Amino acid sequence: MLSPFTVPALEGTAGPVTLNDPVFISDLHLSHSEPDTINAFLRFLEHEAAEHAELLILGDFFDYWIGDDASYTMAAVADALRAYSASHGLYIMHGNRDFMMGERFAREIGATLLRDPAVGVLRGERILLSHGDLWCTFDADYQKVRRRVRSVWWQWIMLRLPLKKRLQVAEDARARSRTRKSVKAAYITDVDERALDEAARNLEAAVVIHGHTHRPGITTTAGGVTRAVLPDWHFEEANCIRGGWIGIEANRPVLHPMK
Numbered sequence: 087m088l089s090p091f092t093v094p095a096l097e098g099t100a101g102p103v104t105l106n107d108p109v110f111i112s113d114l115h116l117s118h119s120e121p122d123t124i125n126a127f128l129r130f131l132e133h134e135a136a137e138h139a140e141l142l143i144l145g146d147f148f149d150y151w152i153g154d155d156a157s158y159t160m161a162a163v164a165d166a167l168r169a170y171s172a173s174h175g176l177y178i179m180h181g182n183r184d185f186m187m188g189e190r191f192a193r194e195i196g197a198t199l200l201r202d203p204a205v206g207v208l209r210g211e212r213i214l215l216s217h218g219d220l221w222c223t224f225d226a227d228y229q230k231v232r233r234r235v236r237s238v239w240w241q242w243i244m245l246r247l248p249l250k251k252r253l254q255v256a257e258d259a260r261a262r263s264r265t266r267k268s269v270k271a272a273y274i275t276d277v278d279e280r281a282l283d284e285a286a287r288n289l290e291a292a293v294v295i296h297g298h299t300h301r302p303g304i305t306t307t308a309g310g311v312t313r314a315v316l317p318d319w320h321f322e323e324a325n326c327i328r329g330g331w332i333g334i335e336a337n338r339p340v341l342h343p344m345k
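Just so we're aligned, residue 87 is where the sequence shown starts under this note's numbering, counting upward by one.
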């Protein structure tokens with residue numbers, strides 16, 4: 087029988103983690119229904135990411151994740167990540183789609199599982215890292231759902247259901263999410279910068295990097311924080327419809343669109 091404490095909600099580190107030359111991505115939403123995006127990521131891992139010391143994946147790497155015991159369904163991606171981590175640092179964080187990832191999968195691919203939020207330290211400068219959805223405080227309905235599915239009791243029950251039932255729950259949740267987003271104003275589904283500023287101030291970070299909103303860009307908040315938002319990915323054949331990554335140059339985040 088599984089221990090009641092073997093749930094992703096209680097796993098991962100908040101850091102600080104030491105970085106040397108990181109590259110950041112998020113919101114790839116990898117699934118077998120979009121093989122071209124999977125192939126684009128494998129190319130990115132072999133080329134762009136290989137030129138940096140660390141890769142940090144800040145949530146929604148997978149379109150859904152029903153438990154580490156189903157990692158075999160993404161064996162090609164796991165194999166590529168394992169090969170990368172043999173010579174590079176690899177960090178992965180939960181998103182709102184793959185929050186059921188745990189330490190078991192992280193160990194399988196040679197990664198460090200990050201809590202949300204977490205702190206990275208690069209040349210003495212603190213960077214606050216998050217998927218971003220925890221700061222979407224305008225969306226009260228979403229935050230209520232988020233608290234429930236990130237709870238120990240909900241995850242403990244879910245992980246003890248058969249894989250087929252978990253998959254059905256995940257697909258139903260995706261359908262409801264699409265419906266809710268289609269009727270909500272844009273500001274409701276975006277990050278509340280006041281919450282972001284407060285988190286950055288509490289953790290003494292001048293730079294915040296996050297995903298989730300699918301509104302990429304680099305701006306300065308009212309609180310003087312550099313806010314870098316990662317793009318989501320979508321490829322059709324070899325063509326990039328959306329996608330990109332963030333690197334750090336001269337201690338500043340730089341957004342690189344995929345070519």
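Note that CB positions come from ideal geometry on N, CA and C, so glycine has one too.
Bear in mind that the values here come from a model prediction, so they are computed numbers and not experimental data.
In the structure shown, Y177 adopts extended strand secondary structure according to DSSP, grouped into three states. If you draw a straight line from the Cα of W331 to the Cα of P339, it comes to about 10 Å.
Residues of the same chain with a CB within less than 6 Å of the CB of H300, apart from the 5 flanking positions on each side, are D318 in chain order. Every beta strand (DSSP E) of 3 residues or more that sits fully in the stretch 116 to 153 is shown, in chain order, as 140 to 144.
When the five nearest sequence neighbours on each side are left out, the beta carbons in the same chain lying within less than 6 Å of the beta carbon of E279 are those of T307, in order along the chain. For E189, the CB contacts under 6 Å within the same chain, skipping 5 residues up- and downstream, are E97, L199 in chain order.
Under the Cβ criterion (8 Å, minimum of three pairs), the stretch 94 to 110 counts as touching the stretch 194 to 212. Only buried fits P302, as 16 or more other CB atoms lie within 10 angstroms of its CB. Relative to the Cα of R260, the nearest Cα in the group F127, H133, D149 belongs to D149. A314 is bridged by DSSP to I295, I304. Within the DSSP secondary-structure output, T92 pairs in no beta bridge.
For N325, the enclosing beta strand (DSSP E) stretches over residues 325 to 328. Going by DSSP, V238 is part of the alpha helix (DSSP H) stretching over 238 to 244. Distances from the CA of E335 to each of P248, R287, D107 were compared; the closest alpha carbon is that of D107.
Per DSSP, the unbroken alpha helix (DSSP H) holding A166 starts and ends at 161 to 171. Close CB contacts of R201 within its chain, under the 7 Å cut and outside five residues either way in sequence, are with G98, T99, A100 (chain order). Ranked by Cα distance from A161, the options I124, E134, A135, S173 are led by I124. In the DSSP annotation of this structure, the continuous segment of the alpha helix (DSSP H) that includes I195 starts and ends at 189 to 195. Considering only I195, D276, M244, the residue with the shortest C-alpha distance to A226 is D276. For G218, DSSP records no beta bridge to any residue. In this structure, H320 is the residue among T223, H320, G333 with its C-alpha nearest to the C-alpha of L116.
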